[in-house]
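Report on the structure given below.
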Amino acid sequence: MLKPINILLVGVGGQGTILATRVLAKAAQDAGYDIKVSEIKGMAQRGGSVVTQVRLGEKVYSPIISQGGADVILAFEKMEALRWLSYLKPDGHMIVNDQAIPPVPVLTGAAVYPTDCLARVKQAATHTIVVDALNIAIGCGNPRAANVVLIGLLARRLPIAKDTWLQALQARVPEKFLDVNLKAFEKGYAL
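Per this note's numbering, the very first residue in the sequence shown carries number 2; after that it's consecutive.
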């Protein structure tokens, strides 16, 4: 019996966290897994945190991941990686987009963006991969495809066939953006 795999996707509004979650959910469902998803959007439209919890396995009863329970955290922004680090299992894997998006308190001068986010994440999570998904996506033709670069990187590490991921992308990404997103997925998958 496959023990549930717990994946936390964290980012900032506008980064495509929800689309990435829907692609992941579709791929897992098509691969025959039971899947539960919980989305927390908060002030996402104003650049706030977006968090989704995804649990997949043979049988999953709840979408909620407890602190210290995530097998993987897929962070679309590096301060969000630091913010949600306590949810990662001691032997869990952290995948981080090396991108900083200052929140409103930083923009107004009420707070300071921590410059040592990645160092702190790497110190706490021994299995950390940092990738410049934004520049890879730009190279594919659209900076908004950074989320799919990250999904490609995640896909390589999950027990779901590559073809299933590609079909999930085709089902969830609008036709006019599909070619760029397929390229972005392939780049992430190759990392």
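The C-beta atom is built at its ideal place from N, Cα and C for all residues, glycine as well.
Query	Result
Would you kindly report the start and end of the unbroken alpha helix (DSSP H) that includes Ala29?	Thr18 to Asp31
Look at Phe178 and Ile152 and say whether their C-beta atoms are less than 8 angstroms apart.	no
Using the rule of at least 16 other Cβ atoms within 10 Å of the residue's Cβ for burial, across every protein chain shown, is Leu108 buried or exposed?	exposed
If you reduce the DSSP assignment to three classes, tell me which class Asp164 lands in.	helix
Might you give, ordered along the chain, the residues of its own chain that have their beta carbon closer than 6 angstroms to the beta carbon of Val73, omitting 5 neighbours on each side?	Ile8 and His94
Could you tell me the alpha carbon to alpha carbon distance between Gln124 and Ala21, rounded to whole angstroms?	27 angstroms
Going by alpha carbons, who is nearest to Ala32 out of Pro175, Leu83 and Ala162?	Ala162
So what does DSSP say about Leu89, is it helix, strand or coil?	strand
Please check if any C-beta of chain C sits within less than 8 angstroms of the C-beta of Glu78.	Judged by its chain identifiers, the structure shown contains no chain C, having just a single protein chain.
Could you spell out where the beta strand (DSSP E) holding Gln68 opens and where it closes?	Counting along the chain, Gln68 falls outside any beta strand (DSSP E), and DSSP gives it neither H nor E.
Would you mind working out which of Glu81, Ala71 and Leu83 sits nearest Asp92, comparing C-alpha positions?	Ala71
Count the other CB atoms, across all protein chains shown, that sit within 10 Å of the CB of Gln68; report buried if there are 16 or more and exposed otherwise.	exposed
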